[in-house]
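Visitor: In the working numbering, the protein residues as written are 197 to 620.
Every residue gets a Cβ at the ideal spot worked out from N, C-alpha and C, and that includes glycine.
Next up is a structure, given as structure tokens.
Right, here's the structure in full:
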């Protein structure tokens, strides 16, 4: 990523910079980040040498002032907005440059009620003098608020929730015990099954599910019926070698135009977990798409519906479904819905994830990864997207021990609908 690359390169300069942090939409895990913003914290005497150092980096063509303040570093990989602030105002600057504009606007209005102003990345007193805010905690405390996590700074109801003491303890990376959606060279993944599992082990996961595409998916390569037994044998052999991470043999099976599944029940019943998905709309209207989903939700072997909106942030906003009806059916059948961390999906988005969780739906936050070196990054995206929806650990299937995941799958297969999450 552009931001992490530039932060790494700046770190090699050896300058006396206290901190360099991403801000803007990157920090909020916004799905449609238009530009990359970095904030550097350093004493005033360092500011000029910092900018000269950035301008001299290999891959940076120029660093020029912005009319709106700050600077733009034009790099071979794209433009990056840079802001430099002194430590005593670091907290106010970080809140300001993280945004969103709507959230900052809410804080500005609130500051006025305290006889303060929040302008240009600084909190000002009635005489226009800067009020030191060395941390975000200090800025929010001045406004009688707890810290509002970056993912929640939408400009919506977050201040009201904070005032009411209703901000939840959000899902974190430490809560995730496993990844239930990834692909290997058995379908359209880049890396082998063993590479994916062993990389997941380095991330501290207790379990993973290998979920390659069923044969009629639109992917470049798919898992055929005759390959299922061979893949299972490979998983069994790897289980014999690796005993500190559990490997679930799963599949991402396509929901066909008539609502049936790509593999028959005889094949599906041999998997430890079955994920079902739509990868095309088959020309169907939203009502027919929902019927296909409902058919899959009723199927006792389907434990998770992946990327339910089938959205792509850069290309397609997602299906225009009756999502309340989808969430009701998912909760009633004991089927989890996914928050997919693949950059091409980020689906469900934060708004849908919040509605689903409020409706009592169990969520699965997964990477949908096709390459081992992206497993951690895409899980972070999934977690960040879920956090935008105020999702808590208790609502997430793969934040539970393996035994609970297996019980969730078994309950639906036995026709015992798992108890839904209690709506907030």
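Please classify residue 619: does DSSP put it in a helix, a strand, or coil?
Guide: Caution is warranted here: a pLDDT of 37 is assigned to residue 619, below 50, making its placement in the model unreliable, and no coordinate value can be reported.
Visitor: Cα-Cα, which of 527, 564, 513 is closest to residue 545?
Guide: Answer by Cα proximity: 513.
Visitor: Who are the Cβ neighbours of residue 588 in its own chain at under 7 Å, not counting the five residues just before and after it?
Guide: 364, 365, 366, 367.
Visitor: According to the Cβ coordinates, are residue 220 and residue 294 closer than 8 Å?
Guide: In this structure, residue 294 lies closer than 8 Å to residue 220 by Cβ.
Visitor: Residue 499 and residue 535: beta carbons closer than 8 Å?
Guide: No.
Visitor: Quick check: what's the CA-CA separation for residue 615 versus residue 405?
Guide: Residue placement at residue 615 is flagged as unreliable, the pLDDT there being 43, under the threshold of 50; the coordinate-derived value follows with that caveat. Whole-angstrom Cα-Cα distance: 23 Å.
Visitor: Out of 269, 455, 346, 458, point me to the one whose CA is closest to residue 248's CA.
Guide: Among 269, 455, 346, 458, the Cα nearest to that of residue 248 belongs to 269.
Visitor: When we look at the beta-carbon of residue 192 and count the other beta-carbons within 10 Å, is it buried (16 or more) or exposed?
Guide: This structure does not reach residue 192, given that the chain is present from 197 up to 620, and the question cannot be answered.
Visitor: Does the region 367 to 377 come close enough to the region 546 to 562 that 3 or more CB-CB pairs lie under 8 Å?
Guide: The region 546 to 562 vs the region 367 to 377: in contact.
Visitor: For the 8 Å Cβ check, are there 3 or more pairs between the region 517 to 526 and the region 453 to 462?
Guide: At 8 Å Cβ cutoff, the stretches do not touch.
Visitor: What separation, rounded to the nearest whole angstrom, lies between the Cα atoms of residue 540 and residue 507?
Guide: Their backbone Cα atoms lie some 8 Å apart in a straight line.
Visitor: Please go through the same chain and pick out, in chain order, the residues whose beta-carbon is closer than 6 Å to the beta-carbon of residue 303, but skip the five residues on each side of it.
Guide: Excluding positions up to five away in sequence, the list reads 314.
Visitor: Rounded to whole angstroms, what is the Cα-Cα separation between residue 370 and residue 311?
Guide: Residue 370 and residue 311: Cα-Cα distance of roughly 40 Å.
Visitor: For residue 215, which residues does DSSP report across the bridge?
Guide: Paired residue(s): 237.
Visitor: Can the beta-carbon of residue 527 be found less than 8 Å from the beta-carbon of residue 556?
Guide: Yes, Cβ-Cβ distance for residue 527 and residue 556 is below 8 Å.
Visitor: Quick one: which unbroken beta strand (DSSP E) runs of 3-plus residues sit fully inside the region 459 to 513? Chain order, please.
Guide: Fully enclosed beta strand (DSSP E) runs of 3 or longer: 469 to 473.
Visitor: Rounded to the nearest angstrom, how far is the Cβ of residue 343 from that of residue 333, given a contact under 8 Å?
Guide: Indeed, because the Cβ distance is near 5 Å, the residues count as touching under 8 Å.
Visitor: Do the region 562 to 582 and the region 598 to 605 touch if we need at least three Cβ pairs shorter than 8 Å?
Guide: Too few Cβ pairs lie closer than 8 Å, so no.
Visitor: Spell out the partners DSSP gives residue 326 in its beta bridges.
Guide: Bridge partners of residue 326: 320.
Visitor: Return the residue from the list 280, 382, 305 that minimises the CA-CA distance to residue 423.
Guide: Here the closest residue by C-alpha is 382.
Visitor: Would residue 583 pass as a contact of residue 347 if the rule is Cβ separation under 8 Å?
Guide: Closer than 8 Å, so yes.
Visitor: Would you please state the rounded distance, in angstroms, between the beta carbons of residue 306 and residue 339? I believe it to be under 8 Å.
Guide: With a Cβ gap of about 5 Å, residue 306 and residue 339 count as contacting.
Visitor: Thinking just about the alpha-carbon of each residue, which of 202, 472, 400, 427 is nearest to the one in residue 233?
Guide: Nearest option by C-alpha distance: 202.
Visitor: Which residues in the same chain have their Cβ closer than 8 Å to the Cβ of residue 212, if we skip the five residues on either side of it in sequence?
Guide: Here the set comprises 238, 239, 242.
Visitor: Give the secondary structure of residue 614 by DSSP, where H, G and I count as helix, E and B as strand, and everything else as coil.
Guide: Caution is warranted here: a pLDDT of 49 is assigned to residue 614, below 50, making its placement in the model unreliable, and the coordinate value is therefore given only provisionally. The answer is coil: DSSP assigns residue 614 none of H, G, I, E or B.
Visitor: At which residues does the alpha helix (DSSP H) containing residue 299 begin and terminate?
Guide: Unbroken alpha helix (DSSP H) run through residue 299: 297 to 309.
Visitor: Can you tell me the Cβ-Cβ gap for residue 389 and residue 430, rounded? I've got them flagged as a contact below 8 Å.
Guide: Residue 389 to residue 430, Cβ: 6 Å. Contact.
Visitor: Buried or exposed: which applies to residue 427, given that a residue is buried once 16 or more other Cβ atoms fall within 10 Å of its Cβ?
Guide: That one is buried.
Visitor: Span of the beta strand (DSSP E) holding residue 587?
Guide: From DSSP, residue 587 is part of no beta strand (DSSP E); its letter is neither H nor E.
Visitor: If distances are taken between C-alpha atoms only, which option among 477, 594, 607 comes closest to residue 403?
Guide: When each option's Cα is compared against that of residue 403, the closest is 594.
Visitor: Just the C-alpha distance for residue 320 and residue 409, rounded to the nearest angstrom, thanks.
Guide: Residue 320 and residue 409: Cα-Cα distance of roughly 56 Å.
Visitor: Please list the terminal residues of the continuous beta strand (DSSP E) segment that includes residue 515.
Guide: Careful: residue 515 lies outside any beta strand (DSSP E) and carries neither H nor E.
Visitor: Which same chain residues end up closer than 6 Å to residue 435 when comparing Cβ atoms and leaving out the 5 residues on each side of it in sequence?
Guide: Here the set comprises 443.
Visitor: Taking the Cβ atom as the reference point for each residue, do residue 473 and residue 502 lie within a distance shorter than 8 Å?
Guide: A contact, by the Cβ cut-off of 8 Å.
Visitor: Taking residue 494 as the reference, which of 482, 608, 575, 439 has the closest Cα?
Guide: Closest by alpha carbon: 608.
Visitor: Between 492, 496, 486, 497, which lies nearest to residue 505 when the distance is taken from Cα to Cα?
Guide: Answer by Cα proximity: 486.
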